[in-house]
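Just so you know, the sequence shown maps onto residues 73 to 829 in our numbering. Beneath this line is the structure, given in structure tokens, with notes to follow.
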Amino acid sequence: MSTNTPSIPTAVLGFPRIGRQRELKFALESFWKGTTSEADLLAVAHSLRERHWLQQRAAGITFIPSNDFSLYDQVLDALVLVGATPTRFGSGEVTLQRYFAMARNSSEQTAMEMTKWFDTNYHYLVPEWSADLTFAVDTRKLLAEFQQAKALGIVTRPVLIGPVTLLKLGKSIDGSDSLALLPKLVAAYSAILAELANAGAEWVQIDEPSLVTDLPEAYVEAYRTAYAELTKSPIKLMLTTYFGALDENLALATSLGAAGLHIDAVRAPGQVEAVAASLQPGQILSLGCVDGRNIWLSNLEALDKLIYRLTGRLESGRLQLATSCSLLHSPYDTADETKLDPRIQSWLAFSQQKLEELAALSAGTQAAPEAFAQSARRIADRASAESSFDPTVRASVASLEEQHFQRLSSYPERAKVQRNELKLPLLPTTTIGSFPQTAEVRQKRAAHRKGHLDDAAYEQFLREQTEDCIRRQERLGLDVLVHGEFERNDMVEYFGEHLKGFAFTQNGWVQSYGSRCVKPPVIYGDVSRPEAITVGWSSYAQSLTTRHMKGMLTGPITILQWSFVRNDIPERDTAFQIARALRDEVCDLEQAGIRIIQVDEPALREGLPLRNADWEAYLTWATEAFRLATSGVTDATQIHTHMCYCEFEDVLPAIAALDADVISMESARSRMEMLEAFGREGYPNEIGPGVYDIHSPRVPSAEEMQQLLKLALEVLRIDQVWVNPDCGLKTRGWPEVERALTNLCEAARATRAALNL
Ligand code: GLN
Ligand code: ZN
């Protein structure tokens with residue numbers, strides 16, 4: 073169908089790189105094992121890039137990215153590009169070997185630190201800044217990829233992480249001010265832009281997502297200085313922001329002199345009008361309108377109206393339509409799903425579908441009526457689906473009252489009752505839940521999944537593993553036992569599979585870091601619990617021992633955080649629905665005679681919004697959800713929680729607000745700081761600061777752990793302290809675990825003896 077309105081240019085900010093069949097993952101892993109060569113690995117990378125570019129061209133995308141590919145991480149690539157990799161790994165040209173040495177721990181060397189990319193579940197390697205750092209531009213990867221695409225007839229828009237965001241993402245390792253490096257870094261970027269211009273690039277996408285965060289004044293200044301210089305380049309800059317609203321940085325962003333500004337109109341739809349109004353004359357607006365981070369269909373009709381308004385406002389050529397952020401955070405193609413309920417599948421858009429959505433939006437309703445009609449049909453179908461609105465669930469959440477969010481008595485009173493009931497020694501010993509998932513456990517699970525092992529045989533195997541695990545814990549002399557979690561693969565998947573409202577994909581992988589991918593469950597509907605989930609395993613385990621068996625659940629925030637969430641109701645509502653379902657599970661465990669129940673919330677801190685101003689609202693509903701899940705029990709039932717991988721200091725009040733009787737946490741790395749903070753804040757309830765770092769194969773001695781307990785007792789009351797590892801043991805082997813736990817129990821005994829307890 074022909075149309076009079078010219079189509080609007082489209083852009084993709086980055087394409088997933090792991091491969092539709094996770095080809096890159098397998099190529100990396102076999103290269104690391106030494107079974108394939110460097111050439112084999114590079115050939116896979118080469119063909120993945122080619123495939124992804126052709127796929128985008130076939131969809132009609134105008135601005136196709138290059139340098140979005142990475143063998144491990146785009147931040148590490150940026151460091152290689154400017155020649156600022158940590159010198160402790162060597163100097164000079166970065167070989168593949170050195171590249172991976174920086175990325176991955178080995179027996180010889182600790183890799184660079186890894187942390188979350190803004191508020192996503194992608195993890196990047198943290199730049200290490202020091203005053204004496206020098207820069208030496210190495211554009212080989214950048215140019216080679218640009219040329220590779222050019223040879224296919226595609227002039228790409230290369231992606232660079234902007235210099236200010238790059239600086240801000242790093243950490244100073246010598247105490248010097250990282251911003252002092254800015255002039256040198258900007259000079260490196262100028263040289264890079266010059267080389268790209270020479271190679272024939274017309275545009276560069278320069279990512280500055282730090283512009284959607286609270287910026288200290290010095291960084292505002294850094295933006296001005298950096299871009300005053302970079303905009304001298306003949307190359308056009310698409311200054312790219314995502315994951316939130318520019319808000320008070322809007323005037324800064326539009327004033328930097330970039331030819332275009334990309335904004336996230338999915339995460340922050342409210343900013344569109346304000347941004348359009350404050351653009352400089354001639355400045356291009358890239359509207360990030362197709363969600364790069366979640367998997368739901370776009371509402372084409374609604375977007376078309378927005379686009380219509382914007383085209384009325386901006387002269388022709390000043391609007392581009394784009395993914396909200398890189399598609400790195402999206403899976404490949406819903407067409408690869410063959411087992412998913414087709415109805416749910418029709419509501420989803422993975423990367424390929426997102427390309428098609430961009431193409432349809434670009435063409436407009438006149439030119440692409442079928443795409444618009446289909447989108448409207450599917451959106452209406454999803455909105456009216458029974459699963460989207462379960463009256464029983466809604467009524468149950470709506471009827472919640474204050475009493476559902478608090479325990480019957482305050483902690484001091486509960487503690488008395490629990491002491492009488494549980495009769496635990498002071499400094500009780502326990503573990504975090506999982507025990508080694510041995511090759512045998514994984515094999516049997518795989519065989520069961522494939523149908524080679526029937527339900528009864530698998531169940532029998534799990535029972536044996538559980539019993540063996542309990543006997544070992546008894547022999548070790550632990551006070552509070554766990555069943556070992558052998559029936560669980562991934563904890564969120566395990567609970568999702570037992571809850572209504574969750575769906576699972578076969579190929580919905582997204583990269584977490586390096587070769588690691590996760591396949592988050594899809595929360596598509598109202599959540600409820602058709603039947604008890606863990607009660608069978610916990611009761612069986614309790615029946616085998618006279619010691620206390622700790623029930624083991626995953627908390628509402630962690631389940632939410634590690635899933636693709638609904639976008640048609642607030643996250644808080646989904647969190648409360650999950651919490652409501654878990655509350656029934658907690659009460660059923662209590663009914664079944666389980667007197668200690670742990671509800672893990674390792675992802676509580678991860679959910680923190682990017683802007684400080686939004687923290688309180690999030691922490692309020694997140695802690696409410698936890699309390700909703702855990703407060704249905706009597707005073708005598710002891711509620712535990714567990715958290716890991718985080719700095720706790722800034723969320724300590726929220727941790728206290730969970731009002732768990734006991735919290736165990738990862739602290740082996742910055743142990744003292746954490747304990748001091750807990751002591752200083754007067755944390756009232758019980759704490760098990762991890763005394764055994766399970767992330768390392770090293771077995772700590774009893775003396776070492778005793779020393780740590782001594783430190784803990786300097787800031788905490790004796791009746792507050794528990795003795796445990798810092799996380800679950802599923803990734804470790806039995807021999808090291810048994811030795812470490814022997815030492816752990818010995819440390820507890822020796823400490824009790826030294827204190828004449
Ligand atoms: N109970 C879980 C385990 O032990 C906790 C996992 C976690 O902290 N991430 O594996
Ligand atoms: Zn943990």
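Glycine included, every Cβ here is placed at the ideal spot set by N, Cα and C. From a predicted model like this one, the values you see are computed outputs, not experimental measurements.
Original post:
For K622, is the beta carbon positioned less than 7 Å from some heavy atom of the ligand GLN?
Top reply: no
Original post:
Over what stretch of residues does the beta strand (DSSP E) that includes W609 continue unbroken?
Top reply: Element bounds for W609: not the beta strand (DSSP E) but the alpha helix (DSSP H), 607–615.
Original post:
So G762 packs on M737, CB below 8 Å; how close in whole Å?
Top reply: 6 Å
**OP:** Could you tell me which residues DSSP puts in a beta bridge with G155?
**Re:** Paired residues: none, contrary to the question.
Original post:
Of all the alpha helix (DSSP H) runs that stay within the bounds of the segment 722–808, which reach a length of 4 or more residues?
Top reply: Taking only runs of at least 4 residues, the alpha helix (DSSP H) segments lying wholly in the segment 722–808 are 724–730, 743–752, 774–787.
Original post:
Which same chain residues, not among the five before or five after L205, have their C-beta less than 7 Å away from its C-beta?
Top reply: A156, L253
**OP:** Give a single yes or no on whether H714 has its beta carbon closer than 7 Å to a heavy atom of the ligand GLN.
**Re:** At least one heavy atom of the ligand GLN is nearer than 7 Å to the Cβ of H714, so yes.
Original post:
Which one or two residues does DSSP pair with W275 in a beta bridge?
Top reply: K308
Original post:
For P674, is the beta carbon positioned less than 7 Å from some heavy atom of the ligand SAM?
Top reply: The ligand SAM is absent from the structure shown, which contains only the ligand GLN and the ligand ZN.
Original post:
So S600 and G573 are in contact, right, with Cβ under 8 Å, and what is the actual spacing, rounded?
Top reply: 7 Å
Subject >> Inter-residue CB distance, F698 and P593 (contact presumed, cutoff 8 Å) >> reply: About 20 Å separates the beta carbon of F698 from that of P593, a gap too long to meet the 8 Å contact definition.
**OP:** Hey, could you find the ends of the beta strand (DSSP E) T713 is sitting in?
**Re:** 710–715
Original post:
Between G505 and G247, is the Cβ-Cβ spacing less than 8 Å?
Top reply: no
Original post:
Would Y566 be called buried (16 or more neighbouring beta carbons within 10 Å of its own) or exposed?
Top reply: buried
Original post:
When burial is assigned at 16 or more other CB atoms within 10 Å of the CB, is Q93 buried or exposed?
Top reply: exposed
Subject >> Simplified DSSP state of R588, which is helix, strand or coil >> reply: strand
Subject >> Cβ pair count under 8 Å reaching 3, the segment 305–315 against the segment 275–286 >> reply: Yes, since at least three Cβ pairs between the segment 305–315 and the segment 275–286 fall closer than 8 Å, the two stretches touch.
Original post:
Would the beta-carbon of M563 be found less than 7 Å away from any heavy atom of the ligand GLN?
Top reply: yes
Original post:
Under the rule that 16 or more other beta-carbon atoms within 10 Å means buried, what is L333, buried or exposed?
Top reply: buried
**OP:** Using 7 Å as the cut-off, classify the Cβ of G679 as near or not near the heavy atoms of the ligand GLN, replying yes or no.
**Re:** no
Subject >> Y299 versus A330: straight-line alpha-carbon distance, rounded >> reply: 8 Å
Original post:
Does the ligand ZN have even one heavy atom less than 7 Å from the beta-carbon of I504?
Top reply: I504: yes, Cβ under 7 Å from the ligand ZN.
**OP:** Compute every distance between the C-beta of E557 and the non-hydrogen atoms of the ligand ZN, then say whether any falls below 7 Å.
**Re:** no
Original post:
DSSP state of D527, grouped into three classes?
Top reply: helix
**OP:** Find out if the Cβ-Cβ distance for the pair D707, E485 is shorter than 8 Å.
**Re:** yes
Original post:
Closest by CA to A689, which one among P403, E643, Y585?
Top reply: E643
**OP:** Drop a sphere of 10 angstroms on the beta-carbon of H555, count the other beta-carbons inside from all chains shown, and report buried for 16 or more, exposed for fewer.
**Re:** It is buried - the Cβ of H555 has at least 16 other Cβ atoms within 10 Å.
Subject >> Pick from R667, P199, L632, E442 that is closest to E493, judged by C-alpha positions >> reply: R667
Original post:
E810 to L214, Cα distance in whole Å?
Top reply: 49 Å
Subject >> Spatial distance of G597 from S459 (CA atoms) >> reply: 5 Å
Original post:
Does the beta-carbon distance from A273 to I307 come in below 8 Å?
Top reply: yes
**OP:** If I'm right that S370 touches Q392 with Cβ under 8 Å, what's the distance once you round it to whole angstroms?
**Re:** So it is not a contact: roughly 16 Å between Cβ atoms.
**OP:** Report yes or no: do the segment 674–688 and the segment 186–194 share at least 3 C-beta pairs separated by less than 8 Å?
**Re:** yes
Original post:
What do you reckon, are the CB atoms on V658 and I669 nearer than 8 Å?
Top reply: yes
Subject >> Contiguous alpha helix (DSSP H) assignments of at least 4 residues, all confined to the segment 330–356 >> reply: Here the runs fully enclosed are 344–350.
Original post:
So, C589 versus I90, is the Cβ gap smaller than 8 Å?
Top reply: yes
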